[in-house]
Amino acid sequence: MLKKTIAISILVILSGILIPLVSNWGSGEWTKILVLGGIIAGLFILVFIYLKNPVFVLALIPAAIAAGQITTLRFRDWYYQISLAEILIIFLALAFFLQILIQNKWREIKFPGILLCLLLYLFFSLISFGWAENLSRAVIAIRSLLFHAAILFLAINLIKTKRDFKIALFALPLTALLAAGEVIFKVYSLGGFSEMIAREEIITPVGKWVYIAAIIILTLPLTYYLIFKVRAGLLKITLAIILGLGGLAVFLTLGKGEILATILGFSYLFWKQKLNKRILIPILIAIILITAIPFAQYAGKFWERIVNIADDPNTQFRVAEFYAASEIFPEHFALGVGAGNLKLAYKNLLPWSVESESNNFFLQVLLELGVVGFAILILIARAIYAGIKKARRHIKTQDQKLLYASFIATLIIVLLNAMVEATLIGLYYGIVFWYIVGLMTTCSKVYNPPNPPCQGGIRLPRL
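As structure tokens, this is what we get:
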């Protein structure tokens, strides 16, 4: 009876929100009917999955970013391009709170330290509306932060058992497969398998090459861990293929930062795993040859970019960016220019007169939210580091060591990539990153229930 009440309540509330939006889409009547029917059918399916296990819906969210923005909602003069991942987050959050309300289990909601730090960062970004020059850009930035906080909150509060953790973990190779598939198919459709193409042409539903490559490398270390974790031979082979496709997709984008970050992250992972060098080195050489020979033009172009890094247009842009930052920072030392407003400040100072995010995430935060916002960012980093440090004391098995090393490798990749790109502020990249942080945070709760719950940290499971 309780499940029926929850299901009916979810359907009524979501239908009340979506049906008025459908009526304003301005399409034909039959199109509206078909869209409405699809929405209702989709809601029934989601409610059914949610009542079976909410973590199944949670695990769909990272993979759903591959669909990109699926429609534009219009309410009077207000337009909103919404993605499938956002729809799933909204649905899951609404269903979760509705269930909590009906069952009166408010005390079971968890707010570990890492989540509180992220919410503090979100709160300060909201306050920056007061001095932001362009409110619409601030709203866009806040929108991303809201969904980042939501995915972290949901992961922490929905993953409760070992089975939940495993289901959520398998969302990452699925995400890697879909994202890599989009890149490879795009390159193939542009004729990139027979001749070199400009990476600027690689645009998928997720976005430009830089964003999708950054998302793929986030998922690879834990995909690698699952290869050693699973027992089924066919599943091992499938995961290994996904890992290879992910690496190939990143290579085809020719992103120096992404490729080097991946190499360093996996170098740490191999070092901690203590693989036999006599086996590892031939395997790596074989992988390089298999990749480089069919795609020799890409290998040559990548090497050319490395050799000519000083004259590379991106390098020149970064130098000009730091000069621009040196003019912005003294004028907005404490509070920054406001969330989402760095683009406008750059446009006025950079010689190209273009709107661009920073190529360094830490510089982005410092210029948009000043030293106050940067201090909050340090609190977030400290909460993650504290959890990692605590986790080291609870490692016992080889499986735990590999999982721990995979999480560390992921964070190494994130840190290095953040130094050359501001992808952490991106909606989709942030969703995957905070989803992984949610996985790290739930390890202690799931696998060591007698112990006190972790606060902003992780304890590795006994798998």
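Numbered according to our numbering, the sequence shown spans residues 1471 to 1933.
Beta carbons: idealized from backbone N, C-alpha and C, even for Gly.
Since the model is a prediction, treat every value here as computed from it, not as a measurement.
- By Cβ distance, which residues of its chain are closer than 8 Å to F1832, with the 5 residues on each side in sequence left out? Cβ within range, chain order: F1844, L1847, A1888 and M1889.
- Contact the stretch 1684-1691 vs the stretch 1645-1654: 3+ CB pairs below 8 Å: Yes: at least three Cβ pairs fall under 8 Å.
- Query: Among F1599, K1813, T1785 and I1850, which residue has its Cα nearest to the Cα of I1798?
  - Reply: Comparing Cα-Cα distances from I1798 to each of F1599, K1813, T1785 and I1850, the minimum goes to K1813.
- C-beta atoms of S1876 and L1730 nearer than 8 Å: Against a cut-off of 8 Å, the Cβ pair of L1730 and S1876 comes out as no contact.
- Starting from the N-terminal side, write out each stretch of the alpha helix (DSSP H) that is 4 residues or longer and does not extend beyond the stretch 1658-1711. Runs found: 1679-1699.
- Message: Does the contact criterion of 3 or more C-beta pairs under 8 Å hold for the stretch 1547-1566 versus the stretch 1580-1596?
- Response: By the Cβ rule, the stretch 1547-1566 does not count as touching the stretch 1580-1596, because fewer than three pairs are nearer than 8 Å.
- Using three-state DSSP, classify I1540 as helix, strand or coil. I1540: strand per DSSP, three-state reduction.
- Beta-carbon separation of I1552 and Y1898 under 8 Å? Not closer than 8 Å, so no.
- Message: Let me confirm a value: K1915 is counted as buried when at least 16 other C-beta atoms fall within 10 Å, else exposed. Which label applies?
- Response: Result: buried.
- Task: Take L1628 and list the residues in its own chain whose beta-carbon comes closer than 6 Å to its own, dropping the five residues that flank it on each side.
- Result: Cβ within range, chain order: P1524, V1525 and L1528.
- Query: When the Cβ atoms of the stretch 1798-1810 are set against those of the stretch 1774-1784, are three or more pairs found closer than 8 Å?
  - Reply: In short, these stretches do not touch, since the Cβ pair count stays below three.
- Query: Does DSSP put W1576 in a helix, in a strand, or in coil?
  - Reply: Note: W1576 maps to helix in three-state DSSP.
- Task: Determine the direct distance from the alpha carbon of C1587 to that of H1618, and round the result to whole angstroms.
- Result: Distance between the alpha carbons of H1618 and C1587: 12 Å.
- Spatially closest choice to L1734 from I1882, L1521 and F1567, by CA coordinates: Just measuring C-alpha positions, the residue of I1882, L1521 and F1567 sitting nearest L1734 is I1882.
- Item | Local Cβ density within 10 Å of N1811, reported as buried at 16 or more and exposed below that | N1811 comes out buried.
- Query: Does DSSP classify W1773 as helix, strand or coil?
  - Reply: It is helical.
- Message: Buried or exposed for N1830, going by 16 or more other Cβ atoms inside 10 Å?
- Response: Residue environment analysis places N1830 among the buried positions, since at least 16 neighbouring C-beta atoms fall within 10 angstroms of its C-beta.
- Query: By how many angstroms is the C-alpha of E1556 removed from the C-alpha of S1614?
  - Reply: The alpha-carbon atoms of S1614 and E1556 are separated by roughly 10 Å.
- Helix, strand or coil: how does DSSP classify I1552 here? In the structure shown, I1552 sits in a strand (DSSP, three-state: E or B).
- Message: I1673 and A1719 - do their beta-carbons sit closer together than 8 Å?
- Response: Cβ atoms of A1719 and I1673: not closer than 8 Å.
- Figure out for me which residue from L1590, P1691 and E1774 has the closest Cα to the Cα of S1737. For the set L1590, P1691 and E1774, the Cα lying nearest the Cα of S1737 is the one of P1691.
- Unbroken alpha helix (DSSP H) run spanning F1617, endpoints: Here the alpha helix (DSSP H) through F1617 covers L1605 to L1628.
- Item | Rounded straight-line distance, which links the Cα of I1901 to that of V1841 | So the two alpha carbons sit approximately 25 Å from each other.
- Task: Alpha carbon to alpha carbon, how far is Y1681 from L1491? Give it in angstroms, no decimals.
- Result: For L1491, the pLDDT reaches just 49, beneath the cut-off of 50, and the residue's location in the model is therefore unreliable, although a value from the coordinates is still provided. Take the alpha-carbon of L1491 and the one of Y1681: they are about 30 Å apart.
- Message: Does V1935 pass the burial test, meaning 16 or more other C-beta atoms within 10 Å, or should it be called exposed?
- Response: Within the shown structure, residues of the chain are numbered from 1471 to 1933, placing residue 1935 beyond reach of any answer.
- Going by the beta-carbon positions, is the gap between L1713 and T1693 smaller than 8 Å? Yes, the pair counts as a contact, with Cβ atoms nearer than the cut-off.
- Message: Give me the residue from Y1855, I1637, I1711 and K1871 with the minimum Cα distance to P1532.
- Response: Minimum Cα-Cα distance from P1532 among the listed residues Y1855, I1637, I1711 and K1871 corresponds to I1637.
- Does the beta-carbon of Q1868 have 16 or more other beta-carbons within 10 angstroms, so that it is buried, or is it exposed? So Q1868 counts as exposed.
- Message: Helix, strand or coil, according to DSSP, for L1814 in the structure here?
- Response: Helix at L1814.
- Message: Could you tell me the alpha carbon to alpha carbon distance between I1570 and W1576, rounded to whole angstroms?
- Response: For I1570 and W1576, the distance between alpha carbons rounds to 6 Å.
- Message: Rounded to whole angstroms, what is the Cα-Cα separation between A1794 and K1817?
- Response: C-alpha of A1794 to C-alpha of K1817: approximately 10 Å in a straight line.
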